[in-house]
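**Q** Input: one structure, supplied below.
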Amino acid sequence: MTVADFVVVSNRLPVDRGDDEDALWRQSPGGLVAALEPVMQAVGGAWVGWPGQADLDIAPFTFDGMQLVPVALSAADIELYYEGFSNDTIWPLYHDVIAAPSFHRTWWEVYAAVNRRFADAAAAAAAVGATVWVHDYQLQLVPRMLRQLRPDLTIGYFHHIPFPAYGLYSQLPWRRQVLDGLLGADVIGFQRVADAGNFARAVRRVFGYETKSGSIRVPEAAGGVRTAVAKAYPISIDTSLYDDLARRPEIQARAKEIRASLGDPATILLGVDRLDYTKGIRHRLKAFGELLTDGRLSVEDATLVQVASPSRERVGAYMQLRDKIELAVGRINGDFDTVERSAVRYLHTSYPREEMVALYLTADVMLVTALRDGMNLVAKEYVASRVDGRGVLVLSEFAGAADELTQAVKVNPHDIDGLKDAIVTAVEMSDVEQRRRMRSLRRRVRDNDVTRWSERFLVDLDRVRRERTA
Ligand code: G6P
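Next comes the structure, spelled out in structure tokens:
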């Protein structure tokens with residue numbers, strides 16, 4: 001196998017193998033892949049990750065100009081490492097225990113073993129002195145493992161989800177091991193300043209290491225002290241890609257077609273999420289349903305389109321959430337639909353990017369009501385797609401995007417009355433006010449796109465490398 005000077009490691013490869021035997025490769029779900037793919041296309045190098053199916057043991061291959069290095073996961077790995085420790089321990093714990101995390105020693109053991117396999121695969125793919133960029137909560141032990149295997153490497157880690165306050169983090173029985181795993185990296189990146197602060201506090205509390213304005217003094221096993229950087233690097237999207245798509249005549253025509261097919265309501269509201277309890281989909285439905293009940297909105301002039309893409313479907317909390325959402329949608333539609341009109345158009349599926357841009361263009365009001373979210377790239381995609389300068393973004397203050405997108409209509413999704421008022425404000429907002437806010441939002445996502453994000457991170461990583469080799 002050829003080795004690369006730049007290696008990305010993440011749980012998922014950018015493409016997944018579909019479910020059926022002769023299925024083709026398709027884009028993997030989630031914000032991580034959406035953000036990293038354009039970076040990899042531009043920078044080149046190898047991408048180490050899981051191809052999305054149990055026991056799929058395939059040789060490295062090239063896809064869309066990227067060198068992909070698959071790591072096979074067995075059915076048991078998927079159950080204990082992916083569905084278990086990653087998505088039923090770390091995910092709920094790091095999202096402020098919106099759902100209760102489960103702590104199982106067998107899950108932890110398999111998590112560590114699978115992290116070891118990713119570290120081995122990355123070590124094998126990296127050239128001497130290479131830069132390796134590890135991603136997200138599924139692989140928190142990889143930086144330390146990789147440093148032990150390959151002290152010649154420069155290692156970055158980016159955490160795509162929130163890092164919780166110490167009061168919650170300290171529940172984790174393996175809190176020392178996880179922090180130590182992360183501290184193997186030279187640069188540890190977070191979405192928000194608050195996440196980086198929580199991490200530094202945890203490091204002080206657990207290890208007593210000295211932390212100062214984004215740098216941490218880490219004692220090394222071999223003696224000496226190394227400085228690791230731990231800072232916020234808010235992730236973004238390929239803004240010009242969305243802008244270009246939104247200007248295409250066929251996509252604009254599709255947007256009109258969607259509006260017509262919904263019966264041409266005065267207002268289309270839109271939610272687009274992985275079906276996840278962190279996204280606040282139930283809060284959104286509750287607020288919308290009550291607005292219809294109160295008569296502040298009517299099915300004659302407002303339709304909510306909710307795209308909920310299937311996610312982690314074998315994890316209990318996700319199955320229960322789906323049932324609750326579908327019950328709520330059924331009730332609202334049963335109460336308010338007419339023969340011609342539907343209150344909620346619920347779509348349990350995912351769509352190609354072109355269709356998403358058409359939906360964004362159709363949506364007068366975009367509802368991002370996450371209870372906790374690392375960043376939320378859907379908010380940025382919506383803004384990037386509004387080439388007409390119109391549309392209103394309703395944005396939860398608990399999404400990382402809220403730090404940057406200050407001209408959105410901010411909401412606390414737990415406050416249902418406040419959420420209802422915010423939705424009405426958005427529906428009634430004047431054209432002039434929409435344009436004023438959208439101009440500022442668009443400037444922000446244009447200036448801070450995904451290329452800028454990766455450059456900021458990689459420049460810091462390169463600085464650490466130069467200091468070390470100087
Ligand atoms: C979030 C996480 C990613 C994850 C994605 C999709 O964006 O930060 O690491 O890949 O969700 O979730 P899944 O479990 O399908 O990989």
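Residue numbers are given in the numbering used here: position 147 of the sequence shown equals residue 147, and the series is strictly consecutive. Just so you know, even glycine gets a beta-carbon here, dropped at the ideal spot from N, CA and C.
#1: By a C-beta neighbour count over all protein chains shown, 10 Å radius and 16 as the cutoff for buried, is Q138 buried or exposed?
#2: Please state if the CB of P92 and the CB of S309 are separated by a distance shorter than 8 Å.
#3: Confirm, please, whether the CB-CB distance from L377 to A112 is below 8 Å.
#4: Give the single residue among Y169, S396, V464 and G44 whose Cα lies nearest to the Cα of V206.
#5: Taking contact to mean at least 3 C-beta pairs separated by less than 8 Å, is the segment 51-68 in contact with the segment 389-404?
#6: Going by Cα to Cα distance, which pick from L149, A399, S240 and V409 is closest to L393?
#7: Is H283 near the ligand G6P, going by C-beta to nearest heavy atom under 7 Å?
#8: So A230 and A200 are in contact, right, with Cβ under 8 Å, and what is the actual spacing, rounded?
#9: Does the beta carbon of I161 fall short of 7 Å from some heavy atom of the ligand G6P?
#10: I'd like the list of long-range same chain contacts for L458, defined as Cβ closer than 6 Å, with 5 residues on each side in sequence excluded.
#11: Got a sec? Which residues, its chain only, sit under 6 Å from Y166 by beta carbon, not counting five neighbours each side?
#12: Quick one, are the C-beta atoms of V424 and R296 less than 8 Å apart?
#13: Between the Cα of D335 and the Cα atoms of M375, L291, R372 and V368, which residue gives the shortest distance?
#14: Judging by CA-CA distance, which residue of R436, R439, G400 and V432 is the nearest neighbour of D195?
#15: Can you tell me where the beta strand (DSSP E) holding P38 begins and where it ends?
#16: Note down the Cα distance separating R496 from I237, rounded to an integer number of angstroms.
#17: Going along the chain, which unbroken runs of the beta strand (DSSP E) with 3 or more residues stay wholly within the segment 389-446?
#18: Confirm the yes/no value for this check: CB of N412, any heavy atom of the ligand G6P, distance under 7 Å.
#19: Which stretch, first to last residue, makes up the alpha helix (DSSP H) that contains K324?
#20: When DSSP labels each residue in this structure, what does F199 get in the three-state scheme?
#21: By the three-class DSSP mapping on this structure, what secondary structure does Y382 have?
#22: Would you say L183 and A119 are within 8 Å of each other, going by their C-beta atoms?
#23: Report yes if the C-beta distance between I98 and R372 is below 8 Å; otherwise report no.
#24: Measure how close the beta-carbons of D55 and A72 come, nearest whole angstrom, since I'm counting them as under 8 Å.
#25: Per DSSP, Y157 forms a beta bridge with which residues?
#26: State yes or no: is the C-beta of D19 nearer than 7 Å to some heavy atom of the ligand G6P?
#27: Nearest to V114 by alpha carbon, out of Y94, S86 and S430?
#28: Report yes if the C-beta distance between V15 and A46 is below 8 Å; otherwise report no.
**A** Taking the structure as given:
#1: Taking the first residue of the sequence shown as position 1, residue 138 is located at position 138. By the 10 Å Cβ count, Q138 comes out buried.
#2: The count along the sequence shown starts at 1 and reaches residue 309 at position 309. The count along the sequence shown starts at 1 and reaches residue 92 at position 92. Not a contact, by the Cβ cut-off of 8 Å.
#3: Position 112 of the sequence shown, counted from the first residue, corresponds to residue 112. Position 377 of the sequence shown, counted from the first residue, corresponds to residue 377. Going by C-beta atoms, A112 is not nearer than 8 Å to L377.
#4: Locating residue 206 in the sequence shown gives position 206, where the first residue counts as 1. With distances taken between Cα atoms, V206 lies closest to Y169.
#5: Contact between the segment 51-68 and the segment 389-404 is absent: fewer than three C-beta pairs spanning the two stretches fall below 8 Å.
#6: Counting from 1 along the sequence shown, the entry for residue 393 is found at position 393. Nearest C-alpha to L393: V409.
#7: To locate residue 283, count along the sequence shown from 1; it is residue 283. It does not: the Cβ of H283 is nowhere closer than 7 Å to a heavy atom of the ligand G6P.
#8: As a position in the sequence shown, residue 230 is number 230, starting the count at 1. As a position in the sequence shown, residue 200 is number 200, starting the count at 1. Contact holds; Cβ gap of about 6 Å.
#9: Working through the sequence shown from its first residue, we reach residue 161 at position 161. The answer is yes for I161.
#10: For this step, residue 458 is matched to residue 458 along the sequence shown. Closer than 6 Å at the Cβ level, and outside the excluded window around L458, lies no residue.
#11: By 1-based counting over the sequence shown, the position of residue 166 is 166. Contacts found: R201, A202 and R205.
#12: The residue you call residue 424 lines up with position 424 of the sequence shown. The residue you call residue 296 lines up with position 296 of the sequence shown. In contact: V424 and R296 (Cβ atoms closer than 8 Å).
#13: Within the sequence shown, numbered from 1, the residue matching residue 335 stands at position 335. Measuring from the Cα of D335, the nearest candidate turns out to be L291.
#14: Position 195 of the sequence shown, counting from 1, holds the residue named residue 195. Checked all of R436, R439, G400 and V432; the closest Cα to D195 is G400.
#15: For the purposes of this step, residue 38 is taken as residue 38 along the sequence shown, with counting starting at 1. Where P38 is concerned, there is no enclosing beta strand (DSSP E), although the alpha helix (DSSP H) it sits in stretches over G31 to V43.
#16: For residue 496 there is no data in the structure shown, the boundaries of the chain being 1 and 470.
#17: You should have 392-396 and 409-411.
#18: Counting from 1 along the sequence shown, the entry for residue 412 is found at position 412. Outside the cutoff, so no.
#19: Locating residue 324 in the sequence shown gives position 324, counting from the first residue. Element bounds for K324: G316 to F336.
#20: Locating residue 199 in the sequence shown gives position 199, counting from the first residue. The answer is helix: DSSP assigns F199 an H, G or I state.
#21: Taking the first residue of the sequence shown as 1, we reach residue 382 at position 382. Three-state result, Y382: helix.
#22: Numbered from its first residue, the sequence shown carries residue 183 at position 183. Numbered from its first residue, the sequence shown carries residue 119 at position 119. No.
#23: What you label residue 98 is simply residue 98 of the sequence shown in a count that begins at 1. What you label residue 372 is simply residue 372 of the sequence shown in a count that begins at 1. It is a contact, given that the beta carbons lie within the stated cut-off.
#24: In the sequence shown, residue 55 corresponds to position 55, counting from 1. In the sequence shown, residue 72 corresponds to position 72, counting from 1. The C-beta distance from D55 to A72 rounds to 6 Å, short enough to fall under 8 Å.
#25: Residue mapping note: residue 157 aligns to position 157 of the sequence shown, counting from 1. In the DSSP output, where bridge partners are listed per residue, Y157 has V134 and I188.
#26: Residue numbering aside, residue 19 sits at position 19 when the sequence shown is read from its first letter. No.
#27: Working through the sequence shown from its first residue, we reach residue 114 at position 114. Of Y94, S86 and S430, the residue nearest in Cα terms is S86.
#28: For the purposes of this step, residue 15 is taken as the residue at position 15 of the sequence shown. For the purposes of this step, residue 46 is taken as the residue at position 46 of the sequence shown. No, the Cβ-Cβ distance between V15 and A46 is not below 8 Å.
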